[in-house]
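Here the structure is laid out as structure tokens; the discussion comes afterwards.
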Amino acid sequence: MERGQTKTSRGVALLLALACAAQLLVLTVGTQAATAATGPTAWSLSWSDEFNTAASARPDSSRWGYDLGGGGFGNAERQYYTDRPENISSDGTGNLAITARKETLAGSSCWYGTCQYTSGRVLTKNKFTQRYGRFESRMKLPAGQGVWPAFWMQGDDSGSAGTAWPGRGELDIMENVGYEPSSVHGSLHGPGYSGGSAITKGYTLPGGAKFSDAFHTFSVEWAPNEVRWYVDDVLYETRTPADLPAGSPWVFDHPFYILMNFAVGGQWPGDPSASTAFPQALLVDYVRVYTPTTTTTLPVTAVRSALSRIEAESFDAQSGVAKEATIDTGGGQNIGWIANGDSVTYRNVDFGSSGVSGVTARVASAVAAGVTGTAELHLDSASGPIVGMLSLTSTGGWQTWASKSATVTGAVGVHDLVAVFRSNQLADFTNLNWLSFTAPAPATTTTVPPTTVPTTTVPPTTTTTTVPPTTVPTTPTRDAYSRIESESSDASVGTIKETTTDLGGGQDIGWIANGDNATYRRVNFGSSGETGVTARVASGAAAGVSGAIEFRLDSATGPKVGEFSIANTGGWQTWKSVPANVSGATGIHDLYVVARSGQPADFVNLNWMTFTRQSSTVPATTVPTTVAPTTTVPPTTTIPPTTVPPTTVPTTTIPPTTVPPPTTIPATTGSFPFVFANNTGGRWSNSQIYVTVLGQSSPGQWSYLKADGSIAPINHLEATAPGHLTKNGQDYPNMSFRVDQAPSVRLASRMEGARMYLSLGSPLYIPVSADDKGWGGPNVNDPGDPNTDIYFDWYEFTYRDGVYAFGGNTTQVDQFGFPMTARIEQTSTGYDQTVGTTATRAEVYAKYAATVDPAFANLASTYRILAPRTSPAFHGSGPQANYLQSTIDQTWAYYTTHAFTLTRLGQTFTGKVVGTQLQFTKDGTGPYILNKPSSADVFECSGALASGGMRPVELEMGAEFCAAFNRGVAINTADWYRPAAYYPAGPKNDFSAVFHTLGIGGRAYGFAYDDVADQSSVKILPNAKSPTRVTIGIGW
């Protein structure tokens, strides 16, 4: 009965999707022809409640418990569930009456405000569960608009695909919505087929009869891999794993408990009307549960012999594969479209009492050179013990068949066999026709004729045979500190891959709801552990839909090492980077990313995640309070072009390409050129402009780009190699080249998460960690950082030819060094976009000095203008730490006496400030709380506006307020999405205002949430093909 999740089009709001789903349900209902049922005579009663108790007696507490409250139960239901006899008790005539009343119960609170109805819900959780059998009840249903009675079951917490709904499974024996008085529905919910996408069929009484007119019997017969639904012993629906969406697991393989309830209102039935009668009851004559008395009552999966050929297409369950005709010897079908993480399950495989020694698989593949994969053979589940592993490569064609063999150990007796496929890339990589196991060779004995050798002279046999251990290959480790692409999961429950429009393109995983999870095997967190994680997420969740993402080790219920909440980001492809603290993970573990929510609807998409290492070479993300404020440097608006020496390190000592490491990737023709345009007006020659490009050339491998287009992995030993850099007695690798050496350089086909530093007069001094897993960028708030007296700025981009669309952005989130532009061209599509600023450095400084409040003046120094989020002056005990406090106070005071209302993206937020908290609702759900932020919280977009303990809707509102306060429009929500109103007179982020004023098209990245209302400087190509060129303009 947990309807709230829809795995359908992302562009449709949840309520509309559910309404459409309900319409479809109505259309599938029809009068069913009578089909003979097995009947209870073939069963043995295992549990029951006849409800033959006195009037007003409550249900037997040894059999039933209660669900209580008015939280909506994921469906926007309007009742408050109680355990009062007025709502749940015997009617004195042999029935349990679950009664809904139109009343307000003192002390009750519902999700929408004051409760309007009461009712009841009982369940056998922790009291009775059973796997398989016949579950039956005789009931008389209520009727009327807005009533929603149900008799249903949920899996206990040992669900095969997760402990949360829908991973543990839901089996609806009977549901009725009051506006369909003649019809009921039977449904299955699981990962990939829940909520409005459930596997559902309806039954309609013949002759216009209504279920409220008389008692009727509702039952299911549940067997391994099959569920059958009956009304009055008329079979109207049968479901098996073959009915599930491709890639979705059958989760009806463990004990379930029983629930009965009478809901009022909700997304499916709608709210009651004036004509709906109250009070009114769901009457239950009995609930009975049976087990089979004969082996023919319930179908079971036959035992397969492992020594007979197992045809691939005869699977009992699958994830991600499809059947197709084969031209291999014998014809028939094979399974294909097999990619990393896909699996097939064969139930009840008998390996015999002596086990098996080997396996042969018939496979075909046309993958490219270098693409490899394996088929892991697990017992009983996809995470069960591995007893063998087949190595798979190209055979020359998708129907060019070859036999591959491997050793098998540890498979004895009857087990489910699960083949899990792994590959070093994401695309389909093999087809499978059949599997066949090999029996162990029989032991040989030698009979010695007694007449030939007297037994008294035969010495005892002392020869021993040493059997070498069988080595089963393991999944390669992943580096936790390199970007983990979400779609590269080794296993998943409930998620679906889709194309993403995020920076870098490729795929994300979506349709993520409560209980869904993704597994990333053998993630190496190293010996020092991690301190944080950043995840790239998007959400267009509907009203009241929210949740969190947990990071757990080794299982979906293992130790939780981190968690962050998810808010609506403005759309299913409106991406934000969300940070969270992480602790307690060292060494190698399977990483489980688990979705949690208080309701069943989809609430997030995930593109990637990256963990942060404990390393001194990683630049700090917090502002140290011990650094002397920059107020000691007077502001300057007329810097003479020759007052700062153009070079602080003689260029003759910096030959950037003289030390190619032995693992350098040779230069190639590349995918497209970066062209460097020197727009400094002669202030800096090409020999004085240095380029340092750092990014990931392959998963986990940080590399740098050289002048000839070759890619070299970062290497801390280069800090002492010939041609290395030295400053203040410290040695650094030389990873730069000059523009005179490469006025343009062709980028290799892959450089992800990259940063292109441009520096003037000197290269940058960038340390590399001792394990070559990380590097440290400039930290200008550290007086000892060697880059504080160097002019630099940067461009961020990511690219993987044919996989990710090229995308990049200029940024002033941390600082401004000098003017830059980035022009992306793709002649095949006519795409031609430029971001950045064409103003000169002197014009920027002059505009800054002329327009900013004096509090911002001292952020400007000879080498850069710091952003307030970076400057110690705006934090801690700095002189401007409370700069925005007056406008924050004014805004909070205003919303104490005035209603807060924000309408955007079809959603409405309303509320009021009480004390220091904004208490608000979103489309009627809530209440939610946003604490009053500090000035530093606003500039950093952190603290009260974004912290790990906040709920998703609260984080969503925090991002909105962060942008509104920085833009100076917080007190008038009508201006929050009106760019023409941004940056009025008064306290605001004057630093950001300058760069939006001077930015091409008014775009800039002036603070962390500057992408709210699409104001940032990010540009992404519309496809994954390479740009014609990217021109980086260096101004002065």
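Going by the working numbering, the residue at position 548 of the sequence shown is 550; the numbering climbs one at a time, nothing skipped. Every residue, glycine too, gets a C-beta built ideally from N, C-alpha and C.
**Study point:** Within 8 Å, strictly: CB atoms of residue 851 and residue 859
**Key:** yes
Practice item. Please report the Cβ distance between residue 51 and residue 70, rounded to the nearest whole angstrom; I am assuming they are in contact, meaning their Cβ atoms lie under 8 Å. Key: Not a contact, Cβ separation roughly 20 Å.
Review point. Going by the CB atoms, is the gap between residue 116 and residue 158 shorter than 8 Å?
Key: no
Check your understanding: With a Cβ-Cβ cutoff of 8 Å, do residue 149 and residue 102 count as a contact?
Key -> Result yes, Cβ atoms of residue 149 and residue 102 sit closer than 8 Å.
Review point. Count the other CB atoms within 10 Å of the CB of residue 1021; is the residue buried (16 or more) or exposed (fewer)?
Key: Residue 1021 is classed as buried because its beta carbon has at least 16 other beta carbons within 10 Å across all chains shown.
Check your understanding: Exposed or buried, what is residue 1023 when buried is set at 16 or more other beta-carbons lying within 10 Å of its beta-carbon?
Key -> buried
Check your understanding: Can you find a CB in chain B that lies within less than 8 Å of the CB of residue 291?
Key -> Chain labels in this structure do not include chain B; a single protein chain is all it has.
Check your understanding: Whose C-alpha, out of 814, 805, 719, is nearest the C-alpha of residue 768?
Key -> Out of 814, 805, 719, 719 has the C-alpha closest to the C-alpha of residue 768.
Point to revise | Any 3 or more C-beta pairs closer than 8 Å across the segment 739 to 746 and the segment 786 to 806 | key: no
Check your understanding: residue 800: which of 754, 824, 975 sits nearest, CA to CA?
Key -> 754
Check your understanding: In chain order, what residues of the same chain lie with their CB nearer than 8 Å to the CB of residue 483, ignoring the 5 residues before and after it?
Key -> 528, 532, 612, 613, 614, 615, 702, 775, 776
Check your understanding: Helix, strand or coil: how does DSSP classify residue 718 here?
Key -> helix
Point to revise | Sequence-distant residues of its chain with Cβ nearer than 6 Å to residue 314 (five each side left out) | key: 336, 337, 434, 435, 436
Exercise for review: Kindly list the residues whose CB is nearer than 6 Å to the CB of residue 816, restricted to its own chain and excluding five residues on each side of it in sequence; keep chain order.
Suggested key: 869, 872
Practice item. In the DSSP assignment, find the unbroken alpha helix (DSSP H) run with residue 897 in it and report its ends. Key: 887 to 899
Review point. What do you reckon, are the CB atoms on residue 552 and residue 598 nearer than 8 Å?
Key: yes
**Study point:** Residues near residue 906 in its chain [Cβ-Cβ closer than 6 Å; skip 5 each side]
**Key:** 979
Check your understanding: Which residues mark the beginning and the end of the beta strand (DSSP E) in which residue 521 is found?
Key -> 519 to 526 is the extent of the beta strand (DSSP E) around residue 521.
Practice item. Give the single residue among 573, 1032, 987, 289 whose Cα lies nearest to the Cα of residue 808. Key: 1032
Review point. Based on Cα-Cα distance, which residue from 55, 554, 783 lies nearest to residue 866?
Key: 783
Practice item. Output the distance between the C-alpha atoms of residue 635 and residue 882, rounded to the nearest integer angstrom. Key: Legend: pLDDT at residue 635 = 26, less than 50; position of this residue unreliable, value from coordinates given subsequently. If you take the alpha carbons of residue 635 and residue 882, they lie about 16 Å apart.
**Study point:** Distance CB(residue 100)-CB(residue 280) smaller than 8 Å
**Key:** no
Check your understanding: What's the call for residue 46, buried or exposed, on a 16-neighbour Cβ count within 10 Å?
Key -> exposed
Check your understanding: By DSSP, does residue 880 sit in helix, in strand, or in coil?
Key -> coil
Point to revise | Continuous alpha helix (DSSP H) assignments of at least 4 residues falling wholly in the segment 732 to 818 | key: none
Exercise for review: Would you kindly work out how many angstroms separate the C-alpha atoms of residue 561 and residue 581, rounded to a whole number?
Suggested key: 19 Å
Review point. Between which two residues does the beta strand (DSSP E) carrying residue 390 extend?
Key: 388 to 394
Review point. Helix or strand or just coil, what does DSSP make of residue 221?
Key: Looking at residue 221 - three-state DSSP - the assignment turns out to be strand.
Review point. Any contact of the segment 126 to 141 with the segment 224 to 233, i.e. 3+ C-beta pairs under 8 Å?
Key: yes
Point to revise | Helix, strand or coil at residue 997 [DSSP, three-state] | key: helix
**Study point:** Per DSSP, the bridge partner or partners of residue 581
**Key:** 536
Practice item. Compute the distance between the beta-carbons of residue 826 and residue 675, then report whether it is under 8 Å. Key: The answer is no: Cβ separation not under 8 Å.
Review point. Apart from the five residues on each side of it in sequence, which residues of its chain come closer than 7 Å, Cβ to Cβ, to residue 1026?
Key: 507, 804, 805, 806, 807
Practice item. Quick one: residues in its chain with C-beta nearer than 6 Å to the C-beta of residue 142, no 5 flanking neighbours on either side, listed in chain order? Key: 217, 285
Practice item. Could you spell out the range, first to last residue, of the alpha helix (DSSP H) harbouring residue 179? Key: Here residue 179 belongs to no alpha helix (DSSP H), and DSSP marks it neither H nor E.
Check your understanding: Straight-line CA distance for residue 292 to residue 173?
Key -> 16 Å
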